[in-house]
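Colleague:
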Amino acid sequence: MERRSINKLIFKFLVGDISRQEKEILDGWINDSGENKKFFEKVCGSKFISESYSNYKQIDYEQAFDGFMRKTGQTHKKIWLNTWVKYAAAVVLLIALATPAYYKWKNSSQEVVPGQPRAILLSADGTEINLEEQSNKDIKFDNTIIATNSGGNISYNVGGDIEPGNSYNTIIIPRGGEYRITLSDGTKVHLNSMSSLKYPIAFNDSVREVQLTGEAYFEIARDKKRPFYVLTDEIKVKQYGTAFNVKNRQKDFVEVVLVHGKVSLIHDNFTKEQVMKPNQLATYSKSSKKVVLADVDIDPYIAWNIGKFIFNDMSLVEIMENLSLWYDVDFQFEDEDLMALRYTGNIPREESLENILNTIQFTTDVKFSVKNKKIVVDN
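Per our numbering: the sequence shown = residues 431 to 809.
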């Protein structure tokens with residue numbers, strides 16, 4: 431009997447919607463082999479259910495359930511879905527975890543761990559310091575004390591004879607890393623994977639200016655006399671005290687999301703500063719030299735800052751790009767048509783890559799395998 435049909439019967443059994451005839455078919459399959467019986471007992475075991483449900487309580491349940499219904503060829507009434515969707519989707523994910531396909535993927539892959547606090551600090555004289563190796567230590571150079579902690583954060587205590595604005599450090603975050611830095615003025619910056627920030631050890635008396643490549647979340651220390659500028663390769667983001675996210679990764683676009691406060695975008699091509707309001711996304715096109723402002727749900731854009739992935743109708747290729755950066759793995763699409771598939775989910779960033787991929791695999795028409803140290807995406 432096909433695995434898909436068995437999964438459907440197990441699902442109906444667990445949600446209490448199995449007919450007598452279906453139960454007889456399921457019992458026959460269970461008694462057909464010891465392997466089948468072991469699988470069924472594993473899925474129905476209370477410990478497995480509680481642990482698996484706990485692991486997946488952040489998943490977008492409606493998406494998962496819809497995926498299951500598509501795979502099993504069922505339809506459902508919306509009222510029934512609203513009543514049972516969370517429990518039903520949890521059952522779907524339990525079956526996904528216990529299926530041989532899951533174990534085949536897990537056993538064929540090397541251990542992949544989520545991103546960790548990792549960074550290289552470049553001093554003004556070119557000295558490289560691996561911050562991962564300096565955890566909970568004070569680093570001293572150029573009459574400056576840099577304090578590190580095990581949580582992936584550094585902060586500056588600058589000596590009085592440092593000339594403001596003349597001595598720069600650069601912090602570089604590799605793929606599979608993240609780091610937090612508290613600048614000399616008290617501004618807090620959280621840097622995402624594959625990002626770098628160049629900044630003065632001490633800001634001067636008139637302006638505060640840093641240069642960003644990649645992605646970072648800023649919480650600017652308030653200072654009405656000294657505006658704070660984030661420089662990308664094309665535009666400046668200006669503010670005095672606020673919280674926002676800047677993404678300068680794509681070749682063609684720069685994205686700025688404002689959480690609270692007020693920021694403006696500056697470019698030589700603009701006739702005036704482009705002022706943003708909270709809960710707005712500014713998308714700057716490097717080709718057209720124009721910016722578009724839009725009101726958005728900002729959560730998917732800043733979720734990484736609080737340890738989450740939020741995929742809101744996101745294409746599979748974008749999801750794989752996010753996972754690639756965080757888990758330090760490469761993905762290869764065998765069928766380019768799969769890139770355009772859309773997916774919605776809410777998953778902790780500390781979740782294992784295996785669990786995330788198996789959830790996607792079970793709720794969409796996508797399969798993952800390992801080939802030449804790359805994760806292959808196929809159907």
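Note that beta-carbon positions come from the ideal geometry of N, C-alpha and C, so glycine has one too.
What separation, rounded to the nearest whole angstrom, lies between the Cα atoms of D758 and E541?
Modeller: For the purposes of this step, residue 758 is taken as residue 328 along the sequence shown, with counting starting at 1. For the purposes of this step, residue 541 is taken as residue 111 along the sequence shown, with counting starting at 1. Taking the straight line from one Cα to the other gives about 11 Å.
Colleague: Find the nearest neighbour of Q564 within the set L723, P594, P547 and E751, judged by alpha-carbon distance.
Modeller: By one-based count along the sequence shown, residue 564 stands at place 134. It is P547 whose Cα lies nearest to the Cα of Q564.
Colleague: Around the C-beta of T574, are 16 or more other C-beta atoms found within 10 angstroms, so that it is buried, or is it exposed?
Modeller: Locating residue 574 in the sequence shown gives position 144, where the first residue counts as 1. Classification for T574: buried.
Colleague: Tell me the DSSP bridge mates of M744?
Modeller: By one-based count along the sequence shown, residue 744 stands at place 314. DSSP, once it has assigned bridges, lists Y773 as partnering M744.
Colleague: Of all the beta strand (DSSP E) runs that stay within the bounds of the region 627–702, which reach a length of 3 or more residues?
Modeller: Listed in chain order, the complete beta strand (DSSP E) runs (minimum 3 residues) inside the region 627–702 are 638–649, 658–661, 666–669, 673–678, 683–690 and 693–696.
Colleague: Kindly give me the distance between the Cβ atoms of A554 and I603, rounded to whole angstroms, as I take these residues to be in contact under 8 Å.
Modeller: As a first step, residue 554 must be located in the sequence shown, where it is residue number 124. As a first step, residue 603 must be located in the sequence shown, where it is residue number 173. In fact, because the Cβ distance is near 19 Å, the residues do not count as touching under 8 Å.
Colleague: Indicate the three-state DSSP secondary structure (helix, strand or coil) for I602 in the structure shown.
Modeller: Numbered from 1 along the sequence shown, position 172 holds the residue referred to as residue 602. Reduced to three states, the DSSP call for I602 is strand.
Colleague: Alpha carbons only, please: which of Y629, V807 and H690 is nearest the one belonging to D765?
Modeller: Sequence index remark: in the sequence shown, residue 765 carries index 335 (1-based). Nearest of Y629, V807 and H690 to D765, Cα basis: V807.
Colleague: Only counting the same chain, and skipping five residues up and downstream in sequence, which positions put a Cβ closer than 8 Å to that of E703?
Modeller: Counting from 1 along the sequence shown, the entry for residue 703 is found at position 273. K668, S694, L695 and I696, listed in sequence order.
Colleague: According to DSSP, is D447 helix, strand or coil?
Modeller: By one-based count along the sequence shown, residue 447 stands at place 17. Coil.
Colleague: Smallest Cα separation from Y731: which of K666, A646, A770 and K655?
Modeller: As a working note, residue 731 is residue 301 in the sequence shown. Closest by alpha carbon: A646.
Colleague: Is the separation between the beta-carbon of L661 and that of V684 shorter than 8 Å?
Modeller: Here the question's residue 661 lines up with position 231 in the sequence shown. Here the question's residue 684 lines up with position 254 in the sequence shown. Their beta carbons are not under 8 Å apart, which means L661 does not touch V684 by this criterion.
Colleague: What residue range is occupied by the uninterrupted alpha helix (DSSP H) comprising D729?
Modeller: On the sequence shown, residue 729 is found 299 positions in, with the first residue counted as 1. Residues D729 to I732.
Colleague: Leaving out five residues before and five after N587 in sequence, what residues of the same chain have Cβ atoms less than 6 Å from its Cβ?
Modeller: If you number the sequence shown from 1, residue 587 lands on position 157. The residues are I575.
Colleague: Alpha carbon to alpha carbon, what distance is there between K803 and I440?
Modeller: For the purposes of this step, residue 440 is identified with residue 10 of the sequence shown, where counting begins at 1. For the purposes of this step, residue 803 is identified with residue 373 of the sequence shown, where counting begins at 1. In a straight line, the C-alpha of I440 is about 35 Å away from that of K803.
Colleague: Using only the alpha-carbon positions, how far apart do D725 and I650 sit?
Modeller: Residue 725 sits at position 295 when you count from the first residue of the sequence shown. Residue 650 sits at position 220 when you count from the first residue of the sequence shown. Distance between the alpha carbons of D725 and I650 is about 22 Å.
Colleague: When DSSP builds the beta bridges, which residues end up paired with Y757?
Modeller: Taking the sequence shown and counting its residues from 1, one reaches residue 757 at position 327. Beta-bridge pairing links Y757 to no other residue.
Colleague: What are the start and end residues of the beta strand (DSSP E) that includes R610?
Modeller: One-based indexing of the sequence shown puts residue 610 at position 180. Start and end: G607 to T612.
Colleague: Return the CA-CA distance between L627 and T643, expressed in angstroms with no decimal places.
Modeller: As a position in the sequence shown, residue 627 is number 197, starting the count at 1. As a position in the sequence shown, residue 643 is number 213, starting the count at 1. Cα to Cα, L627 sits roughly 7 Å from T643.
Colleague: I need the DSSP call for E558, collapsed to helix, strand or coil.
Modeller: Here residue 558 corresponds to residue number 128 of the sequence shown, with the count starting at 1. If DSSP states are grouped into helix, strand and coil, E558 belongs with the strands.
Colleague: Within its chain, find whatever has a CB closer than 6 Å to the CB of P708; leave out the 5 residues flanking it on each side and keep chain order.
Modeller: Locating residue 708 in the sequence shown gives position 278, counting from the first residue. Excluding residues within five positions, the ones whose Cβ falls inside 6 Å are L688 and H690.
Colleague: What separation, rounded to the nearest whole angstrom, lies between the Cα atoms of G446 and N788?
Modeller: Start at 1 with the first residue of the sequence shown, and residue 446 comes out as number 16. Start at 1 with the first residue of the sequence shown, and residue 788 comes out as number 358. Answer to the nearest angstrom: the Cα atoms are 25 Å apart.
Colleague: Tell me the DSSP bridge mates of A712?
Modeller: As a first step, residue 712 is located in the sequence shown; it is residue number 282 there, counting from the start. DSSP lists V686 and L723 as partners of A712.
Colleague: Between which two residues does the beta strand (DSSP E) carrying V807 extend?
Modeller: Walking along the sequence shown from the start, residue 807 turns up at place 377. Residues K804 to D808.
Colleague: Take the Cβ of G775 as the centre, count every other Cβ of all protein chains shown within 10 Å, and call the residue buried at 16 or more, exposed below.
Modeller: Here residue 775 is taken as the residue at index 345 of the sequence shown, counted from 1. So G775 ends up on the buried side.
Colleague: Ends of the beta strand (DSSP E) at Q704?
Modeller: In the sequence shown, the residue the question calls residue 704 occupies position 274. It spans Q704 to M706 - the beta strand (DSSP E) in which Q704 sits, taken as one unbroken run.
Colleague: Start and end of the beta strand (DSSP E) containing A577?
Modeller: The sequence position of residue 577 within the sequence shown is 147, counting from 1. T574 to N579 is the extent of the beta strand (DSSP E) around A577.
Colleague: Report the rounded CA-to-CA distance for E748 versus V686, giving the unit in angstroms.
Modeller: Position 318 of the sequence shown holds residue 748. Position 256 of the sequence shown holds residue 686. Roughly 18 Å separates the two Cα atoms.
Colleague: What are the partner residues of L551, as DSSP defines its beta bridges?
Modeller: Start at 1 with the first residue of the sequence shown, and residue 551 comes out as number 121. In the DSSP output, where bridge partners are listed per residue, L551 has I559 and I601.
Colleague: Helix, strand or coil for D568 per DSSP?
Modeller: Taking the first residue of the sequence shown as position 1, residue 568 is located at position 138. Strand, per DSSP.
Colleague: How long is the line joining the alpha carbons of A632 and P657, rounded to whole angstroms?
Modeller: The residue given as residue 632 occupies position 202 in the sequence shown. The residue given as residue 657 occupies position 227 in the sequence shown. Taking the straight line joining both Cα atoms gives about 14 Å.
Colleague: Taking the C-alpha atoms as reference points, what is the distance between H506 and D760?
Modeller: Reading the sequence shown from its first residue, position 76 is the one you call residue 506. Reading the sequence shown from its first residue, position 330 is the one you call residue 760. Reliability fails at H506, whose pLDDT of 42 lies under 50, so the model's placement of it is uncertain and the value that follows must be treated cautiously. When rounded, the distance between both Cα atoms is 37 Å.
Colleague: Tell me the rounded alpha-carbon separation between R610 and L621.
Modeller: Stepping through the sequence shown from its first residue, residue 610 is reached at position 180. Stepping through the sequence shown from its first residue, residue 621 is reached at position 191. Their Cα atoms are separated by approximately 6 Å.
Colleague: Quick one, which of S623, R638 and L552 has its alpha-carbon nearest L613's?
Modeller: Start at 1 with the first residue of the sequence shown, and residue 613 comes out as number 183. Answer by Cα proximity: R638.
Colleague: Counting along the chain, where does the beta strand (DSSP E) carrying I584 start and finish?
Modeller: Along the sequence shown, one-based indexing puts residue 584 at 154. I584 -> beta strand (DSSP E) spans N583 to V588.
Colleague: Smallest Cα separation from P544: which of V800, K468, S782 and E664?
Modeller: As a working mapping, residue 544 is identified with position 114 in the sequence shown. The option with the nearest alpha carbon to P544 is S782.
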